[in-house]
Amino acid sequence: MKAKTNYVIDFDSTFTQVEALDVLGEISLENDKNKDQLLKDLKSLTDRGMGGGLAFRDSLKQRLDLLKAEKSHLEPLIEKLKGKVSSSFVRNEEFFKENRDHIFIISNGFKEFIVPIVSEYGIKPENVFANTFIFDDAGKVTGFDTNNVLSSNNGKVEQLKSLELKGDVFVIGDGYTDYEIKAAGLANKFYAFTENVERDNVLQKADHITPSLDEFLYLHKMNKAISYPKNRIKVLLLENVHEDAVAIMKNEGYNVSTYAGGMDEDELAEKIKDVSVLGIRSKTQLTKKVLDNAQRLIAVGAFCIGTNQIDLDECLKKGVAVFNAPYSNTRSVVELAIGEIILLMRNLPDRIAEMHKGKWNKSASGSFEIRGKKLGIVGYGNIGAQLSVVAEAIGFDVYYYDLVEKLALGNATKCSSLQELLETVDIVTLHVDGRKENKKIIGEEQFQQMKEGSYFLNLSRGQVVDVEALSRHISSGKIKGAGVDVYPKEPKTNDDSFESELCGLPNVILTPHIGGSTQEAQENIGNFVPGKIIEYINTGGTTNSVNFPNLQLPTLENAHRLIHIHHNKPGIIAHINRILADNNINIVGQHLKTNETIGYVITDIDKAYDAEVIKELKSIQGTIKFRVLY
1 MKAKTNYVID
11 FDSTFTQVEA
21 LDVLGEISLE
31 NDKNKDQLLK
41 DLKSLTDRGM
51 GGGLAFRDSL
61 KQRLDLLKAE
71 KSHLEPLIEK
81 LKGKVSSSFV
91 RNEEFFKENR
101 DHIFIISNGF
111 KEFIVPIVSE
121 YGIKPENVFA
131 NTFIFDDAGK
141 VTGFDTNNVL
151 SSNNGKVEQL
161 KSLELKGDVF
171 VIGDGYTDYE
181 IKAAGLANKF
191 YAFTENVERD
201 NVLQKADHIT
211 PSLDEFLYLH
221 KMNKAISYPK
231 NRIKVLLLEN
241 VHEDAVAIMK
251 NEGYNVSTYA
261 GGMDEDELAE
271 KIKDVSVLGI
281 RSKTQLTKKV
291 LDNAQRLIAV
301 GAFCIGTNQI
311 DLDECLKKGV
321 AVFNAPYSNT
331 RSVVELAIGE
341 IILLMRNLPD
351 RIAEMHKGKW
361 NKSASGSFEI
371 RGKKLGIVGY
381 GNIGAQLSVV
391 AEAIGFDVYY
401 YDLVEKLALG
411 NATKCSSLQE
421 LLETVDIVTL
431 HVDGRKENKK
441 IIGEEQFQQM
451 KEGSYFLNLS
461 RGQVVDVEAL
471 SRHISSGKIK
481 GAGVDVYPKE
491 PKTNDDSFES
501 ELCGLPNVIL
511 TPHIGGSTQE
521 AQENIGNFVP
531 GKIIEYINTG
541 GTTNSVNFPN
551 LQLPTLENAH
561 RLIHIHHNKP
571 GIIAHINRIL
581 ADNNINIVGQ
591 HLKTNETIGY
601 VITDIDKAYD
611 AEVIKELKSI
621 QGTIKFRVLY
């Protein structure tokens with residue numbers, strides 16, 4: 001009979017998301033005036049000790065000297081650590097209970113806080129090997145048991161030797177000391193666990209990089225928590241998407257990669273080949289050429305309001321759902337618009353520039369209050385409508401124009417045409433989307449229609465304004481001031497240079513597409529978009545998708561959910577149901593919604609299915625994508 005497989009698991013930054021001694025430092029140093037510096041020093045010592053840059057015993061001794069810890073600090077430490085167990089460990093609790101006799105926690109941490117945490121997951125206390133504290137009579141930590149091999153360099157190797165485990169040994173950890181077990185010939189494989197921390201020198205030594213426990217269990221066909229491999233969902237997030245989005249998707253079990261800037265078409269076409277979920281902002285263009293290479297793509301997240309940088313029709317044809325954040329940065333754009341209007345009407349851009357050059361130009365000439373001025377809003381959507389309310393509250397008379405019938409808010413006046421608005425107002429501000437029909441909706445003819453001495457803002461999309469025409473009318477004085485945040489051509493990264501006909505013109509505010517770039521807006525977006533993508537992947541729900549038929553679906557229990565995306569033509573749903581009936585499979589729920597391009601059908605069934613059923617469903621003529629959720 002073959003011996004059982006043994007699993008050797010690290011504790012700090014593997015079983016838990018954090019290094020326990022770092023958390024202990026937050027508690028023990030709470031009232032120390034040098035707390036911040038001491039915690040930095042503590043983290044540095046931890047990283048050096050775990051990365052192999054400092055002898056482990058030296059690292060441990062120096063950390064305990066910094067901590068000034070006491071026995072009374074352990075209880076609050078344990079409570080904090082219970083809430084910091086790695087997400088993939090929590091959702092795979094069954095793995096620990098089923099293999100409790102063959103799971104060993106071998107840690108350079110301390111038993112006093114490790115045993116209470118891991119025992120809740122069914123791990124035997126006698127299978128926990130770690131250091132122990134030494135306390136004085138007052139309960140202060142004075143050191144550690146130096147006779148314990150785990151307090152010494154190469155301690156994990158010596159500890160494992162003494163266990164004389166029979167059968168295969170797999171090591172899961174994030175530190176160099178975990179790799180040493182494999183290097184000593186005591187383990188079959190070392191899996192570098194990267195859910196919480198990545199150490200380059202450790203990754204280079206790994207037999208396999210494991211972004212979550214799901215990945216490890218999937219490789220060994222042991223995954224009990226999920227029936228589809230979340231860890232195999234590769235996510236690529238570009239353009240400095242907010243860290244909350246990265247954390248949410250990692251916690252869900254996805255394999256997440258990030259890239260600071262945008263990518264050009266050729267680069268993205270290469271990178272997207274094995275990507276399941278793509279997250280972008282406004283700089284990256286998702287074209288047909290890119291999508292033709294995206295064979296595994298399930299969903300796209302636009303971490304912004306606009307989606308004109310995405311070929312939505314091509315995404316639809318390929319069965320790729322697109323989600324955006326239509327409300328999350330509304331307030332930020334509104335505040336920037338209000339701020340810029342005030343600056344422009346006081347001619348402050350020029351006054352500020354003069355002061356920086358040492359020129360004192362105190363004058364009221366060309367400087368106006370906003371109260372009683374007529375503000376014209378082109379595009380009365382989420383941003384335009386909120387701007388209307390805020391602008392009226394501070395004294396503007398508000399006028400608006402929109403192609404779609406929109407209810408006026410407050411005392412705003414609706415204009416029957418764009419020309420009517422342009423001829424009426426003192427300030428024109430654009431808040432339209434980037435659809436093809438809006439290209440250069442403001443050009444030479446529209447600037448001619450504006451009042452002499454008008455002010456102009458574009459915080460929407462770069463291509464909706466003829467920039468050359470705007471430049472001419474600023475130079476002539478017809479436009480007395482302008483604020484522009486978006487441009488027909490924008491740099492892909494902060495390292496690229498910016499060029500525009502508007503540079504150097506008087507009373508002009510140029511900003512680098514930052515209308516929604518506030519901490520609050522990016523945090524809101526970073527939480528909203530991943531939530532919609534995860535909902536789509538987990539339930540099939542397409543609420544707020546900008547290109548798919550919208551379906552809101554409950555989480556299903558005790559059944560299987562089949563998702564079929566197909567070209568919108570008659571007979572497909574009947575074909576699906578016929579296949580299920582022929583295989584004696586009962587349908588417990590079915591949802592169908594279509595648009596002019598695709599049909600989206602969700603079928604819930606109450607019994608197991610075999611591979612032949614799936615093969616038949618995938619082979620239905622007109623099928624674009626097929627997924628099994630549970």
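Read in order, the letters of the sequence shown are residues 1 to 630 in the UniProt record's numbering.
Cβ coordinates follow ideal geometry from the N, Cα and C atoms, glycine included.
Predicted, not measured: the structure shown is a model, and the values here were computed from it.
Check, Outcome
"Close Cβ partners of residue 17 (< 7 Å) along its chain, the five nearest in sequence each way excluded", "84, 86, 196"
"Nearest-angstrom Cα separation, counted from residue 423 out to residue 451", "6 Å"
"Residue 609 versus residue 585: straight-line alpha-carbon distance, rounded", "8 Å"
"Simplified DSSP state of residue 655, which is helix, strand or coil", "Only positions 1 to 630 of the chain appear in the structure, and residue 655 is not among them; the question remains open."
"Inter-residue spacing [alpha-carbon to alpha-carbon] between residue 11 and residue 126", "15 Å"
"Pick from 509, 495, 494 that is closest to residue 501, judged by C-alpha positions", "509"
"Residue 420 versus residue 588 - alpha carbon distance", "56 Å"
"Per-residue burial, residue 416 [other beta carbons within 10 Å of its own, 16 or more giving buried]", "exposed"
"Selected residue, minimal CA-CA separation from residue 402, among 57, 438, 543, 236", "438"
"C-alpha distance - residue 351 paired with residue 482, whole-angstrom precision", "15 Å"
"For residue 1, three-class secondary structure by DSSP", "Low confidence applies here, because residue 1 scores a pLDDT of 49, under 50, leaving its location unreliable and the question unanswered by this model."
"Status (buried if at least 16 other CB within 10 Å, exposed otherwise) for residue 340", "buried"
"Supposed contact pair residue 74 and residue 112 - C-beta distance, whole angstroms, cut 8 Å", "6 Å"
"Among 516, 172, 177, nearest to residue 213 - alpha-carbon criterion", "172"
"Top-ranked residue by Cα proximity to residue 606, from 560, 241, 579", "560"
"Cutoff 6 Å; reference residue 518; Cβ partners in own chain excluding five residues on either side", "332"
"Residue 404 vs residue 338 beta-carbon contact at 8 Å", "no"
"Proximity to residue 276 [Cα-Cα], best of 238, 244, 232, 611", "232"
"Continuous alpha helix (DSSP H) stretch holding residue 633: start and end", "Given a span of 1 to 630 for the chain in the structure shown, any question on residue 633 remains unanswerable."
"Assigned exposure category for residue 504 - 16 Cβ within 10 Å defines buried", "exposed"
"Cα-Cα separation, residue 487 to residue 461", "7 Å"
"Inter-residue Cα distance where the pair is residue 629 and residue 435", "34 Å"
"Where residue 18 sits in the DSSP three-state scheme", "coil"
"Segments assigned beta strand (DSSP E), at least 3 residues, entirely inside the region 314-402", "321-323, 374-378, 397-401"
"Close beta carbons around residue 464, own chain, < 8 Å, minus the five adjacent residues each side", "430, 432, 434, 438, 439, 440, 441, 442, 458"
"Whole runs of the alpha helix (DSSP H) within the region 73-124, excluding any shorter than 4 residues", "74-82, 87-90, 93-98, 111-118"
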